[in-house]
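Chains as they are written, first to last, in this note's numbering: chain A, 16 to 251; chain B, 11 to 125.
This is how it looks when you write it as structure tokens:
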């Protein structure tokens, strides 16, 4: 038997995904396409919030949507029904999107036509936060019926997101949901996160969220033109 | 979680480095994982054994060294090491809740042992 020797590697196991995510961020920046990654548990209202947000922004931005689910085209069909281009990614068992899958979807969507692309990630409060898909902005949604203790149980998602949309606030009167406690728990994990209380059903609070997003897009475009690199570091 | 996909990446990285160095056989792969990364060592070996069949890494031993996380307290600014998988911890210096993670989620191939 030949003697054993050691070869140093020192490479991140997710190096390929990180590299692909950076590439995506690079060519989207060149094209001035702002990519948003929307994450949450199943049923929190991601699709409904996308539709509501699009209503407010469709006259200002060309918008496309990438939908990701284990199966079916239900969500993409909902988006297409309001006249917005959408591509459905069927992950066939993968519980999250990665940069490679996102790239496939972006090409299918012909992303170059759009100023703004929403990616509705697979409904999953755990894994989706672990995989960079090349987005400029990570938005998570927590709905009132899910409870105010989720930051204690699933801290990573809350820690790494730029925005928290607390959806279904029209349910507050029916739920034991302590908004003050929720915000305290979230800010402890992530003091810089933006929190908006919204209802996709009633349109309550959507204007504030959309106004913030509009400013972020304008800032990103301004940095784009100056050639500065946007912050891609989503580690907490 | 995701050990299958992750170990496929590990196999690809190991084979890539082995091929660059004219290696006949990979005997072991040494990994480092921060305590906050989501890898379960026993599953890692099991999945690796399955996917490495027929390759130069077949039967390679997967060694995983867990490394502590470095966190900084948002209240008093003191840095400390954490050896448990938890983000809900208090600062050991001032007791405040609310820490920022500097490192601890990394998962790296450190080296490969080859013939």
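Ideal Cβ positions, reconstructed from N, Cα and C, are used throughout, including at glycine.
Notebook entry, point to check: Would you say residue 118/B reaches chain E, if we count a Cβ-Cβ gap shorter than 7 Å as a contact?
Noted result: No chain E is present in this structure, whose protein chains are A and B.
Check: Smallest Cα separation from residue 106/A: which of 152/A, 39/A and 88/A?
Finding: 88/A
Check: Do residue 153/A and residue 32/A come within 7 Å of each other at the CB atom, strictly closer than that value?
Finding: no
Next item on the list: Taking residue 84/A as part of the beta strand (DSSP E), name the residues at either end of that continuous run.
Entry: 78-84
Notebook entry, point to check: Which residues in the same chain have their Cβ closer than 7 Å to the Cβ of residue 62/B, if we skip the five residues on either side of it in sequence?
Noted result: 21, 68 and 70
Notebook entry, point to check: Going by other Cβ atoms of all chains shown within 10 Å of its Cβ, with 16 needed for buried, is residue 206/A buried or exposed?
Noted result: Exposed: under 16 other Cβ atoms inside 10 Å.
Next item on the list: Evaluate contact between the segment 59-69 of chain A and the segment 221-231 of chain A, counting only Cβ atoms and requiring at least three cross-stretch pairs below 8 Å.
Entry: Flag = yes, the segment 59-69 of chain A and the segment 221-231 of chain A touch.
Margin query: Any heavy atom of the ligand NAD closer than 6 Å to the beta-carbon of residue 219/A?
Written below: For the ligand NAD, the structure offers nothing, since it holds no ligand at all.
Notebook entry, point to check: Does any residue of chain A bring its CB to less than 7 Å from the CB of residue 107/B?
Noted result: True, the Cβ-Cβ gap to chain A drops below 7 Å.
Item checked: Run of the beta strand (DSSP E) containing residue 25/A, from where it starts to where it stops -> 20-27
Check: Does the Cβ-Cβ distance between residue 6/B and residue 115/B come in under 7 Å?
Finding: Since the first residue shown for chain B is 11 and the last is 125, residue 6/B is missing from the structure and cannot be characterised.
Item checked: Cutoff 6 Å; reference residue 177/A; Cβ partners in own chain excluding five residues on either side -> 152 and 153
Check: What are the boundary residues of the alpha helix (DSSP H) that includes residue 91/A?
Finding: 89-95
Check: Can you name the start and end residues of the alpha helix (DSSP H) that residue 63/A belongs to?
Finding: 61-72
Next item on the list: Would you mind stating whether residue 115/A and residue 104/A have Cβ atoms separated by less than 7 Å?
Entry: no
Next item on the list: For the alpha helix (DSSP H) holding residue 76/B, just list the boundary residues, first then last.
Entry: No alpha helix (DSSP H) holds residue 76/B; the beta strand (DSSP E) holding it covers 71-77.
Check: Does residue 123/B come within less than 7 Å of chain A when only Cβ atoms are used?
Finding: yes
Next item on the list: On a CA-only basis, which of 138/A, 230/A and 82/A is nearest residue 118/A? Give me that one, please.
Entry: 82/A
Note to self: Which residue wins for smallest C-alpha separation from residue 58/B, given the options 118/B, 122/B, 124/B and 19/B?
What the structure shows: 19/B
Next item on the list: Leaving aside the five residues before and after residue 131/A along the sequence, list all residues of the same chain whose C-beta is less than 6 Å from its C-beta, in chain order.
Entry: 49, 76 and 78
Item checked: CA-to-CA distance, residue 102/B to residue 89/B, given in whole angstroms -> 9 Å
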